[in-house]
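Before any comments, here is the structure.
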Amino acid sequence: MKNKFLAGPYLVWMALFTIIPLVIVLYFALTDSVTGRFTLSNLAAMKDYLPIFLRSIWLAAISSIICLILGYPVAWCIAQTGPKVQRFLYMLVMLPMCISFLLRTLAWVAILEDTGMINSLLGRIGISPLPLIRTNGAVILGMVYNYLPYMIMPLYTVIIKIDPRLVEAAQDLGCDHAQVFGKVTLPLSVPGIVSGITMVFVPAVSTFYISQKLGSSGTTLIGDVIESQFKTAYNPNLGAAMSLVLMILIFICIGLMNRFTGDDDEVMTL
Amino acid sequence: MKKVLSALLLAVLIIPVLLAAAPKAAAETVTINVYNWGQYISDGTDGAIDVNKAFTEATGIHVNYMTYDSNETLYTKLKTGGSTYDVIIPSDYMIGRLISEGLLEKLDYSNIPNYQYIEEAYKNTAYDPTNEYSVPYTWGTVGVIYNKKYVDEADIGSWDLLWNEKYKGKILMFSNPRDAFAIAESRLGYSLNTQNEEEIRACAELLLEQKPLVQAYVMDQIYNAMEHEEAWVAPYYAGDYLQMLEVNEDLGFYFPEEGFNFFIDAACIPTSCTNKEAAEAYINFLCDPEIMAENLDYLGYSVPSEAAKEYMDEEAIANPVAYPDAETLARGEAFLSLDQQTNQLMDKLWLTVKTSGGANYLLYGGIAVVVIAVVLIVILVSRKKRLARRRSGYTR
């Protein structure tokens, strides 16, 4: 009873700033911009933006996978060190997040652009400028760079909890390193992988700043379109419909994640 | 000892609070919210006047200064409400639109005596024919800025430069629909105020054709890109070119032969205004010939007042970029406010232009979605199987 009471402030907060705004988004998405009547035309207009949705999903998915490939070994290595070193390394991973995300993205612009650091260096040794910026690669780089800590954190917290006795037991029973990893460590870190992927994928799929700064006029993402609907085109209804579709997509992601972790709880309890 | 220390600490903590509170108690401070274009007021850099600070010194009214990057951003802010602005400085066509939608307050010109210094040529305009809502701030033109180091002189002269394959990836373009469509309209020989759907669609086609050559659709970011030679060609406002020229001497400018946009930006008071008298005092201050002269000397935009010109740098007034001759100006055309239908069509087509391309993402994205789905299903199924196997193992 007491516990419920303590959760009160948060429930009020959530109702005010999460539930009510969501209802407003839903209302805008389902009404006409001029007459204010119920309509599905905003949602029907989504088909024009299908390529942009798919492009966003594609780039975000690739970024999540790259984050996983880069992040897993890092998280594993941190988990193997002593407690003091661990705290220090963990802080290092978090360190970039102390600087504004916008600034860090702008820094990449200064590094990658045609007159930027890399290309002016190359120019000095006589190589003509490489097309680094305004490519899909640059957008993925921006996403990976910005969201990598979100992958490492959950992986680390899961890996650190793996009982070393399980690893030892596997070794005693004759597993080599690859087998220990494949049969013990990896399966036990699945919850971390899933929540890491979700934590990278969700912000990456809805980002707008990264693609505006590092992408070309041909790499517009769904976040850019939503932003423009609210900022300049003044069509909040269409913008709300896009947000709604994106939100449903994200809910599906979270739902899947819960399924995985739910299954794993069962494994634990067995 | 401890007590002395804590008393000292307390004093240190309290004194700044008292100091901060003191002037407030003496006189109720008035603050107005001014919402203007980015880089559109002399702000004290390079020893130039800081207009807002000078205003506060002269009147005691504080200025909360904010900026936007296009008329459309301003419009959205006003339309969605929730924010109050006391003074805004939109362009002609947007003033017309705001008046027609009842978003502007009528001005009390007796509070703006400096209005007398504004030239007749900038009064009785199409957007505010009865002079009730606006006080001109500057006027100017749109032309093409290019970098002389990289752009061949033979290629300049018309809007065609923005469609020239040679400069692929080095061309910038306006990110607001009205300015972008105006360029296509000029190039196709249409009026900048056409409301003919077919003509507007033809313009969208032309802009779509240009898209592969465009490095980015930008507004204020143009300064950085042109000054550092990241881009070589860009259409923009003449006054801003003069500011860029001070950083990079290789930049050139010309008025395209097909025609271009001529605009007036004017100060207005939106209906959300909370302190109209202070807002009018601010507008009056902007029109003060000396202030206007100093402000526009810095900005590079053109002055709508002969009285102010007397205080200005002679070189600046003689500059044909800011003050083109009558023959050139005759090619300019002012924007008028368009009807809602045309505005919506333009917004929609502009979004299509900006988001088009990447049809192959239907393929890539589709593959990604299918692969993710398959992987998830496989993992889920195998997990279920393993669980089932384990359960049966335990029960045995």
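Here the protein sequences line up with chains G and E, keeping their order.
Here the first sequence stands for residues 1 to 270, where the numbers follow the working numbering.
Here the second sequence stands for residues 1001 to 1396, where the numbers follow the working numbering.
Heads up, the beta-carbon is just placed ideally off N, CA and C, and yes, glycines get one too.
All of these numbers come straight from a predicted model, not from anything done at the bench.
- If you keep only unbroken beta strand (DSSP E) runs of at least 3 residues inside the segment 1232–1289 of chain E, you get 1233–1237, 1251–1254, 1260–1267.
- Between I133 (chain G) and S63 (chain G), the beta carbon gap of about 17 Å keeps them out of contact (Cβ cut-off 8 Å).
- A contact is defined here as three or more CB-CB pairs under 8 Å, and the segment 177–197 of chain G meets this definition with respect to the segment 66–82 of chain G.
- In the structure shown, F208 (chain G) falls within a coil segment according to DSSP collapsed to helix, strand and coil.
- Under the three-pair Cβ rule at 8 Å, the segment 1280–1287 of chain E does not count as touching the segment 1091–1104 of chain E.
- Annotated as distal: K1170 (chain E) and V1247 (chain E), with beta-carbon spacing of 8 Å or more.
- Under DSSP, H177 (chain G) shares a beta bridge with no residue.
- In the DSSP assignment, V1214 (chain E) falls within the beta strand (DSSP E) that extends over 1214–1218.
- In the displayed model, P1136 (chain E) falls within a strand according to three-state DSSP.
- Boundaries of the alpha helix (DSSP H) around F101 (chain G): 101–112.
- Within chain G, the residues placing a beta-carbon under 8 Å from that of K1079 (chain E) are Y234, ordered along the chain.
- Contact annotation for F230 (chain G) against chain E: T1076, T1080 [CB-CB distance below 9 Å, chain order].
- Cα atoms of K183 (chain G) and L214 (chain G): separation of roughly 40 Å, rounded to the nearest angstrom.
- In this structure, the CA atom of I57 (chain G) is about 28 Å from the CA atom of Q1221 (chain E).
- For the 8 Å CB-CB criterion, F1335 (chain E) and R1178 (chain E) form a contact.
- With respect to the 8 Å criterion, L1338 (chain E) and S228 (chain G) are not classified as neighbours on the basis of their beta carbons.
- Residue-level contact by beta carbon holds for E1230 (chain E) and chain G, with a gap shorter than 8 Å.
- Contact annotation for E113 (chain G) against chain E: A1225, H1228, E1230 [CB-CB distance below 9 Å, chain order].
- T1125 (chain E) is positioned such that its CB atom lies closer than 8 Å to that of I1264 (chain E).
- Residues of the segment 55–69 of chain G with a C-beta less than 7 Å from any C-beta of chain E: R55, I57, W58, A61, listed in chain order.
- Collapsing the DSSP output to three states places E1101 (chain E) in coil.
- I222 (chain G) is not a Cβ neighbour of I24 (chain G), given a cutoff of 8 Å.
- Within chain E, the residues T1355 have their CB atoms less than 7 Å from the CB of I52 (chain G), given in chain order.
- Contact between the segment 30–43 of chain G and the segment 176–192 of chain G is absent: fewer than three C-beta pairs spanning the two stretches fall below 8 Å.
- Closest in alpha carbon position to S189 (chain G), among G:S100, G:A169, G:K161, is G:K161.
- In the three-state scheme derived from DSSP, where H, G and I count as helix and E and B as strand, Y1323 (chain E) is classed as coil.
- Three or more beta-carbon pairs drawn from the segment 1253–1260 of chain E and the segment 1149–1159 of chain E are found closer than 8 Å, and the two stretches are therefore classed as touching.
- Within the segment 127–159 of chain G, the residues whose Cβ lies closer than 7 Å to any Cβ of chain E are, in chain order, R134.
- The beta carbon of Y1068 (chain E) sits closer than 8 Å to the beta carbons of Y1035, N1036, W1037, G1038, L1074, K1077 from its chain, once the five residues preceding and following it are set aside; these are given in chain order.
- For V93 (chain G), the nearest beta carbon of chain E is not closer than 8 Å to its own beta carbon.
- Residue-level contact check: Y49 (chain G) touches chain E, since one or more beta carbons of chain E fall below 8 Å from its beta carbon.
- Of the candidates E:A1279, E:F1174, E:L1213, E:A1279 places its Cα closest to the Cα of D1086 (chain E).
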